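In the order they appear, the protein sequences are chains G and X.
Heads up, the first sequence is in numbering that gives the first Met the number 0, so the first residue is 0 and it goes up one at a time.
Heads up, the second sequence is in numbering that gives the first Met the number 0, so the first residue is 0 and it goes up one at a time.
By construction, the Cβ of each residue, glycine as well, lies at the ideal position given by its N, Cα and C atoms.
Being a predicted model, the structure only gives us computed values, none of them experimental.
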Amino acid sequence: MDPRTTVINERLSRIGRIIAVSSGKGGVGKSLVATTLALTLSRTNCKVGLFDLDFTSPSTHLIMGVKSVQPKEDKGIVPPVVKNLAYMSLVHFSGDQAAPLRGADVSNALIELLAVTQWGKLDFLVIDMPPGIGDAVLDLVRLVKRIEFLIVTTPSLLAFETVKKQVRLLQDLKVPMIGVVENMKRDRAKSIEQGTEKLGVKFLAGIPFDPEVEDAIGDVTRLLDTTLAQRIRELAASKIT
Amino acid sequence: MHEWALAEAVITAAQQIAEKEKLREVREVTIKIGELQQIEEDILRFALSQLKPASFKNAEFHIAKAKTTLKCRVCGNTWLFSKNKLDENTAEAIHFVPEVAHAYIKCQKCGSPDFEIAEGRGIWLENIKGVR
Numbered sequence: 000m001d002p003r004t005t006v007i008n009e010r011l012s013r014i015g016r017i018i019a020v021s022s023g024k025g026g027v028g029k030s031l032v033a034t035t036l037a038l039t040l041s042r043t044n045c046k047v048g049l050f051d052l053d054f055t056s057p058s059t060h061l062i063m064g065v066k067s068v069q070p071k072e073d074k075g076i077v078p079p080v081v082k083n084l085a086y087m088s089l090v091h092f093s094g095d096q097a098a099p100l101r102g103a104d105v106s107n108a109l110i111e112l113l114a115v116t117q118w119g120k121l122d123f124l125v126i127d128m129p130p131g132i133g134d135a136v137l138d139l140v141r142l143v144k145r146i147e148f149l150i151v152t153t154p155s156l157l158a159f160e161t162v163k164k165q166v167r168l169l170q171d172l173k174v175p176m177i178g179v180v181e182n183m184k185r186d187r188a189k190s191i192e193q194g195t196e197k198l199g200v201k202f203l204a205g206i207p208f209d210p211e212v213e214d215a216i217g218d219v220t221r222l223l224d225t226t227l228a229q230r231i232r233e234l235a236a237s238k239i240t
Numbered sequence: 000m001h002e003w004a005l006a007e008a009v010i011t012a013a014q015q016i017a018e019k020e021k022l023r024e025v026r027e028v029t030i031k032i033g034e035l036q037q038i039e040e041d042i043l044r045f046a047l048s049q050l051k052p053a054s055f056k057n058a059e060f061h062i063a064k065a066k067t068t069l070k071c072r073v074c075g076n077t078w079l080f081s082k083n084k085l086d087e088n089t090a091e092a093i094h095f096v097p098e099v100a101h102a103y104i105k106c107q108k109c110g111s112p113d114f115e116i117a118e119g120r121g122i123w124l125e126n127i128k129g130v131r
């Protein structure tokens with residue numbers, strides 16, 4: 000028997016809410032939404048953790064401009080505090096090397112980190128998920144009892160079609176969803192908002208395409224000054240905190 | 000002290016099995032540890048001795064070590080993992096998350112990082128024995 004799975008919910012027991020920021024499709028801005036949400040929540044007197052579960056293409060460290068931080072060992076692994084967030088990512092261990100992991104390896108690494116990371120007491124743990132509805136999503140749903148999903152899409156039908164599948168999957172699995180965020184909106188079209196409501200899920204926010212975001216990567220102060228951050232602050236204040 | 004968290008997992012899992020099997024007292028716990036994770040046996044034993052509940056007071060912990068076999072998915076080559084070939088930082092990274100081996104180790108024959116950890120990854124609870 001793999002003993003590690005038996006301690007996962009105990010490890011997460013002192014965390015108020017566990018929010019997985021996810022999308023059926025890649026390239027929709029999940030990592031930016033997850034990181035900005037975590038940073039925003041941490042600036043409201045909340046203790047917040049950020050867990051980058053995109054093992055093969057992690058990017059939250061780049062968004063925050065994190066360089067060479069290391070977790071400490073104390074009856075497990077204690078995440079380093081970065082920009083006021085308890086921050087865990089596979090890059091702490093793999094550095095700049097590519098980590099080509101297949102499904103079983105993703106599951107094993109996920110179980111390992113969930114079993115040994117000592118998050119302590121947090122109000123929120125925000126998880127940046129890899130794209131798709133593969134092993135990481137299924138494992139989190141299986142292993143983390145109190146998980147809630149926040150889904151990110153773009154106005155593109157290609158993104159929204161995969162999001163629909165993800166929503167149906169999570170509904171079938173009876174997993175709570177906070178709602179859907181439409182990122183990189185270029186006009187006032189309501190098709191995604193209406194499509195989301197048809198699925199029986201809350202439409203949380205439409206975030207306009209913000210060219211300043213790319214220039215703010217690596218600079219948290221600039222990032223929190225973008226329209227993206229402003230919309231996420233409104234979303235956090237009205238729908239999450 | 001990463002071993003402490005793994006010891007907690009072993010005790011919790013063993014307790015769950017004991018409860019399911021209706022064991023009043025646990026007498027033996029057999030654990031297998033794969034070489035890849037480089038678990039320090041002394042630390043693991045100490046943590047187990049500190050964490051064990053009353054129903055485990057007479058329990059013996061048997062720890063078996065398993066060699067790590069890696070198998071290349073590209074050319075089929077199999078080879079044994081050796082910590083001695085790694086620098087200290089790499090060995091430590093693999094100790095924390097064994098899958099990180101894919102970032103640092105390549106097939107000795109064809110150079111591919113696409114290999115399977117066929118045997119000897121990390122910790123495994125093999126068996127428990129006790130009395131009803």
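- Three or more beta-carbon pairs drawn from the region 232-239 of chain G and the region 34-43 of chain G are found closer than 8 Å, and the two stretches are therefore classed as touching.
- At a cut-off of 8 Å between C-beta atoms, residue 123(X) counts as an interface residue with respect to chain G.
- A direct Cα-Cα distance of roughly 18 Å separates residue 120(G) from residue 19(G).
- Short of 6 Å from the beta carbon of residue 76(X), and not among the five residues preceding or following it, lie these beta carbons of its own chain, in chain order: 106, 108.
- For residue 57(G), no chain X residue has a C-beta closer than 9 Å to its own C-beta; the minimum C-beta separation is roughly 12 Å.
- Residue state for residue 118(G) is assigned as coil, using DSSP reduced to three classes.
- Residues of the same chain with a CB within less than 8 Å of the CB of residue 2(X), apart from the 5 flanking positions on each side, are 38, 39, 42, 43, 46 in chain order.
- Annotation: the continuous beta strand (DSSP E) that includes residue 202(G) extends over 202-207.
- Using a CB distance cut-off of 8 Å, residue 76(G) counts as an interface residue toward chain X.
- Apart from the 5 residues on each side of it in sequence, residue 111(X) sits with its Cβ closer than 8 Å to the Cβ of 71, 72, 73, 74, 105 in its chain, given in chain order.
- Contact with chain G is found for residue 5(X), since one of that chain's Cβ atoms lies less than 8 Å from the residue's Cβ.
- For residue 217(G), the secondary structure class from DSSP, reduced to helix, strand or coil, is coil.
- Comparing alpha carbon positions, the residue from 49(X), 87(X), 82(X), 35(X) closest to residue 65(X) is 35(X).
- Within the model, the alpha-carbon separation for residue 125(X) versus residue 13(X) is close to 10 Å.
- In terms of beta-carbon proximity, residue 120(X) lines the interface with chain G, with at least one pair separated by less than 8 Å.
- Assigned with DSSP and collapsed to three states, residue 80(X) falls in coil, not helix or strand.
- For residue 190(G), the uninterrupted alpha helix (DSSP H) segment begins and ends at 190-197.
- Boundaries of the beta strand (DSSP E) harbouring residue 49(G): 47-51, taken from the DSSP string.
- Per DSSP, residue 51(X) lies in no beta strand (DSSP E) and is assigned neither H nor E.
- Taken through DSSP and simplified to helix, strand or coil, residue 90(X) comes out as helix.
- Annotated as distal: residue 202(G) and residue 213(G), with beta-carbon spacing of 8 Å or more.
- With fewer than 16 other CB atoms across the displayed protein chains lying within 10 angstroms of its CB, residue 186(G) is exposed.
- At least 8 Å separates the CB of residue 182(G) from every CB of chain X.
- Less than 8 Å divides the Cβ of residue 2(G) from the Cβ of residue 11(X).
- Contact between residue 183(G) and residue 208(G) is confirmed by a C-beta separation of about 4 Å, below the 8 Å threshold.
- Taking 4 residues as the shortest admissible run, the region 46-99 of chain G contains the following complete alpha helix (DSSP H) segments, listed from N- to C-terminal end: 59-63, 90-93.
- A Cβ-Cβ distance of about 18 Å is found for the pair residue 49(G) and residue 136(G), leaving them out of contact under the 8 Å criterion.
- By the neighbour-count definition (other C-beta atoms within 10 Å, threshold 16), residue 172(G) is an exposed residue.
- Residue 224(G) sits in coil when the DSSP states are folded into three classes, being neither helix nor strand.
- Scanning the region 134-179 of chain G for uninterrupted alpha helix (DSSP H) segments of 4 residues or longer gives 134-142, 156-171, listed from N- to C-terminal end.
- Of the candidates 91(G), 167(G), 199(G), 22(G), the residue whose Cα lies closest to the Cα of residue 127(G) is 22(G).
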